[in-house]
Amino acid sequence: MTRWKIVQKATLKFAAIYDKLKDNPASVSAPEDWLTTARQFYFNQEGRQFAFERPWLLLKTVSKWQSLSGKAKKLVPPLTNLQGSVLLEDAPPNPNTTVSNSPDKAKWERPAGVHAAKQKAAKDNYKKKRLNLLESSTKEATQQLFEAKRSNNIQESLVENEQEKVCLNILMQDPNKCPDATSRMALVACKKQIHDWSWNHSSQGEC
1 MTRWKIVQKA TLKFAAIYDK LKDNPASVSA PEDWLTTARQ FYFNQEGRQF
51 AFERPWLLLK TVSKWQSLSG KAKKLVPPLT NLQGSVLLED APPNPNTTVS
101 NSPDKAKWER PAGVHAAKQK AAKDNYKKKR LNLLESSTKE ATQQLFEAKR
151 SNNIQESLVE NEQEKVCLNI LMQDPNKCPD ATSRMALVAC KKQIHDWSWN
201 HSSQGEC
């Protein structure tokens, strides 16, 4: 049986039930009551909820569909007993009686639609993608920080080595070979500064 045939069969049966309720309404009942009763009656007959309410709402006013549902009404049994039971369920509870129809109502509550299920799946998939993206971004940021720190350590090491070379070069200069007294005094003062600085930072291995 094709998908359309399944929908057509179930919808025609539900339409026939609803039309019978509409043609023979119970006292103090409204269209909302007919719809609720039709759902209950369909569930009692088929053992499952009516899942094609949206197509039925779209088709029930079409003349061709009304003709088909009119024929289907002949296959639906009398609704007198069912109407009475539903009206009793909707009536205010008697304080002297125990209400025990809640489990029955829960059996035929309309299930979540396909559209709602797809929306939930899409939402869960979106959350999963965001979590994966966050984890990936965190790993990338951590790697970049590590590389930057490593590069900074290398730069510091190069600067220290260059500074050490300059210090050694100054210490190796002979003041007596300076061209004048001013240069000689400057060289001696620079050597003294290097010696003092080296002494204060000897524990760190700096010149």
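Everything in the sequence shown is counted per full-length UniProt numbering, starting at 1 for the first residue and increasing by one. The beta carbon of each residue, even a glycine, is placed where N, CA and C say it ideally should be. Just so we're clear, the structure is a prediction, and the values are computed from it rather than from any experiment.
* Asked: Considering only the beta carbon of each residue, do Ile194 and Leu171 sit closer than 8 Å?
  -> Numbered from its first residue, the sequence shown carries residue 194 at position 194. Numbered from its first residue, the sequence shown carries residue 171 at position 171. It is a contact, given that the beta carbons lie within the stated cut-off.
request  = Could you pull out every residue in the same chain whose Cβ sits closer than 7 Å to the Cβ of Val7, ignoring the five residues on either side in sequence?
outcome  = As a first step, residue 7 must be located in the sequence shown, where it is residue number 7. If we look at Val7 and ignore the five residues flanking it on each side, its Cβ neighbours are Phe52, Pro55.
Do Thr2 and Leu59 have their C-beta atoms closer together than 8 Å? By one-based count along the sequence shown, residue 2 stands at place 2. By one-based count along the sequence shown, residue 59 stands at place 59. No, the Cβ-Cβ distance between Thr2 and Leu59 is not below 8 Å.
- Would the beta-carbon of Ile17 fall within 8 Å of that of Ala38? In the sequence shown, the residue the question calls residue 17 occupies position 17. In the sequence shown, the residue the question calls residue 38 occupies position 38. Going by C-beta atoms, Ile17 is nearer than 8 Å to Ala38.
- Query: So is Tyr42 buried or exposed if we call it buried at 16+ other beta carbons inside 10 Å?
  - Reply: In the sequence shown, residue 42 corresponds to position 42, counting from 1. Buried, since its Cβ has 16 or more Cβ neighbours within 10 Å.
Original post:
What is the DSSP secondary structure of Met185, counted as helix, strand or coil?
Top reply: Position 185 of the sequence shown, counted from the start, is the residue given in the question as residue 185. Helix.
Cβ shell of Lys192 (< 8 Å), same chain only, five flanking positions each side left out:
Position 192 of the sequence shown, counting from 1, holds the residue named residue 192. Closer than 8 Å at the Cβ level, and outside the excluded window around Lys192, lies no residue.
Helix or strand or just coil, what does DSSP make of His115?
-> For the purposes of this step, residue 115 is taken as the residue at position 115 of the sequence shown. Looking at His115 - three-state DSSP - the assignment turns out to be helix.
Quick check: the Cα distance between Lys123 and Asp23, rounded to an integer number of angstroms?
Taking the first residue of the sequence shown as position 1, residue 123 is located at position 123. Taking the first residue of the sequence shown as position 1, residue 23 is located at position 23. So the alpha carbons of these two residues sit roughly 44 Å apart.
How is the alpha helix (DSSP H) around Gln40 delimited, first residue to last?
Along the sequence shown, one-based indexing puts residue 40 at 40. Gln40 -> alpha helix (DSSP H) spans 31-46.
- Check whether the Cβ atoms of Cys190 and Arg184 sit closer than 8 Å, and answer yes or no. Residue mapping note: residue 190 aligns to position 190 of the sequence shown, counting from 1. Residue mapping note: residue 184 aligns to position 184 of the sequence shown, counting from 1. Cβ distance not < 8 Å, so Cys190 and Arg184 don't count as in contact.
Item to complete: Report the rounded CA-to-CA distance for Thr142 versus Asn161, giving the unit in angstroms.
Response: On the sequence shown, position 142 is the one that residue 142 refers to. On the sequence shown, position 161 is the one that residue 161 refers to. Their backbone Cα atoms lie some 29 Å apart in a straight line.
Does the Cβ of Asp174 have 16 or more other Cβ atoms within 10 Å, making it buried, or fewer, making it exposed?
-> Along the sequence shown, one-based indexing puts residue 174 at 174. Its Cβ having fewer than 16 others within 10 Å, Asp174 is exposed.
Alpha-carbon to alpha-carbon, Gln49 and Ala118 = Here residue 118 corresponds to residue number 118 of the sequence shown, with the count starting at 1. Here residue 49 corresponds to residue number 49 of the sequence shown, with the count starting at 1. Looking at the sequence shown, residue 118 is not Ala but Lys. Cα-Cα distance, rounded: 20 Å.
(request) Drop a sphere of 10 angstroms on the beta-carbon of Trp34, count the other beta-carbons inside from all chains shown, and report buried for 16 or more, exposed for fewer. (result) In the sequence shown, residue 34 corresponds to position 34, counting from 1. Buried is the call here.
What is the DSSP secondary structure of Val159, counted as helix, strand or coil? As a working note, residue 159 is residue 159 in the sequence shown. Note: Val159 maps to helix in three-state DSSP.
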